Amino acid sequence: MPAPLLFVGSGVSQYVGAALGVGLFAVIPAMSVSWWRIGLSAVVLLAWRRPWRARPGRRSVLTAALFGVVLAAMNLSFYLAIEHLPLGTAVAIEFLGPVAVAAITGRSWRERVGIVLAAAGVVLLAGVTVAGTGWTTSTVIGLAAIAASGLFWAGYILLGRRVAVGGDGISGLAVGMTAGSIVFLPFAFGALPALTDGTSGLRSVALLLGVAVFSSVLPYTIDQWVLPRMTAAQFAILLALLPVSAAVVGAVMLHQLPTAGEVIGTVLVCLAIAMANSGRGQQPAATES
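Each residue of the sequence shown is one higher than the last, beginning at 1 in UniProt numbering.
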């Protein structure tokens, strides 16, 4: 299956997970929702892959653990950011992480031009507005958090590719998610009052499990399949398909017709992906360090 089509599926899966978790923020702090998404994903992946059976080497375990901590930090900082910033603004700023990866690691003019087009497309799709934005404490916190999330996203791409090309990437993902959930364990406790509240608590657990599967297990598993098959720059450009998926889902399921800016943004992203993938046969992506 072509990588762009897989990424559209990944994006749809993430937004299904987001829809399942819409009501959770009212009863569980956002950072705790993020931790349970990570922790339950680790449980699902460990039960599925049982990575200990492969007896991975110490180096691969440490790389996977670092990857998982970066992944968890990316999610936690993003959830913190969207408590203080409009979602569109946060998405556009966070995309600076993949932009930096593509700009630094890109080996052809197609990749470098492609990331510029993808970045412009994401800004249009995100509907970023700065009018009337004041420099409040909340804004500063949000900007700092989303800048950190963008940095962690860049690390996710680079470390995730090392895990993917180093062996069984999905088992490495299981190890990494486990490490990330352990490092950030204190964030779990904010959800305990809601999760122990009888029938309502069981419903919250079920929703969190759905969020974990659709927003983490499926998309990150797809990433581990795609990463060894292309360069880090090409993967970074493909990430621009995620906001495109959101626009498509909104138009089809919610009858939210796209604006002219969103249509132009979608065209730019598609053009960027076509340019970046036109040169994929030039060298094996798996040889990249």
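Note that the Cβ used here is the ideal one computed from N, Cα and C, for glycine as well. Because the structure is a prediction, the values reported are computed rather than measured.
Can the beta-carbon of residue i be found closer than 8 angstroms to that of residue j?
i: V70; j: L159; result: yes
i: A120; j: L242; result: no
i: G150; j: I237; result: no
i: residue 311; j: S245; result: A query on residue 311 cannot be resolved here, the shown segment of the chain reaching from 1 to 289 and no further.
i: A90; j: A103; result: no
i: A144; j: I28; result: no
i: M230; j: G68; result: no
i: A191; j: S32; result: yes
i: F184; j: A72; result: yes
i: V226; j: A47; result: no
i: V175; j: V43; result: no
i: V211; j: L20; result: yes
i: M275; j: G114; result: yes
i: G17; j: S181; result: no
i: V163; j: T63; result: yes
i: L124; j: G261; result: yes
i: L24; j: L208; result: yes
i: E111; j: A233; result: yes
i: G142; j: L85; result: yes
i: P56; j: L239; result: no
i: A65; j: A188; result: no
Tell me the residue span of the alpha helix (DSSP H) that contains residue i.
i: G142; result: T137 to V165
i: D223; result: L218 to V226
i: S215; result: Run containing S215: none; DSSP gives neither H nor E here.
i: P2; result: Run containing P2: none; DSSP gives neither H nor E here.
i: L238; result: A232 to L238
i: A118; result: W109 to A126
Can you tell me whether residue i is buried or exposed? The criterion is at least 16 other CB atoms within 10 Å of its CB, across all chains shown.
i: T266; result: buried
i: A36; result: The sequence shown places Trp at residue 36, not Ala. It counts as buried.
i: S138; result: exposed
i: M1; result: exposed
i: V140; result: exposed
i: L5; result: exposed
i: W135; result: exposed
i: L40; result: buried
i: A26; result: exposed
i: P284; result: In this predicted model, P284 has a pLDDT of only 38, less than 50, meaning its place in the structure is not dependable enough to derive any value.
i: A251; result: exposed
i: A272; result: buried
i: T259; result: exposed
i: W153; result: buried
i: L202; result: exposed
i: S34; result: buried
i: T105; result: buried
i: D223; result: buried
Original post:
Are there three or more Cβ pairs, one per stretch, closer than 8 angstroms when the region 215-235 is compared with the region 7-18?
Top reply: yes
Original post:
Between the region 168-187 and the region 48-58, do three or more beta carbon pairs fall short of 8 angstroms?
Top reply: yes
Original post:
What runs of the beta strand (DSSP E), each 3 residues or longer, lie entirely inside the region 30-102?
Top reply: none
Subject >> Runs of alpha helix (DSSP H) wholly within the region 169-200 (minimum 4 residues, chain order) >> reply: 169-183 and 192-195
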